[in-house]
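See below for the structure under consideration.
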Amino acid sequence: MERTFEATIEKRGRWYIGWVDAVPGAFSQGRTIKEVQENLQEAIQLMLETQRELRDSGMAG
């Protein structure tokens, strides 16, 4: 199942920073917008996989 999340990306100096309000803790940085988008996608995927593993193991709150 594929999900879509809206990201906020801002330029700060020579870097771009991005975050996803719908996924607390999902933030990243990169030299380009594309790099930030790719980093955010990976971060969200890892966060969701970890949540799923914790839930399946009975460790999730």
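Numbering (my numbering), first residue to last: -14 to 46.
All C-beta atoms, glycine included, are put in the ideal place defined by N, C-alpha and C.
Shown here for I(-6): same chain residues with a beta carbon closer than 8 Å to its own, the five before and five after excluded, namely Y1, I2, G3, I18, V21, Q22 in chain order. With fewer than 16 other Cβ atoms inside 10 Å of its own Cβ, S42 counts as exposed.
Counting the other CB atoms within 10 Å of its CB gives L25 a total of 16 or more, which places it among the buried residues. Counting only runs that start and end inside the stretch -10 to 20, the beta strand (DSSP E) elements of at least 3 residues fall at -7 to -3, 0 to 4, 12 to 15.
In chain order, A11, S13 place their CB closer than 6 Å to the CB of A28, counting only its own chain and leaving out the 5 sequence neighbours on each side.
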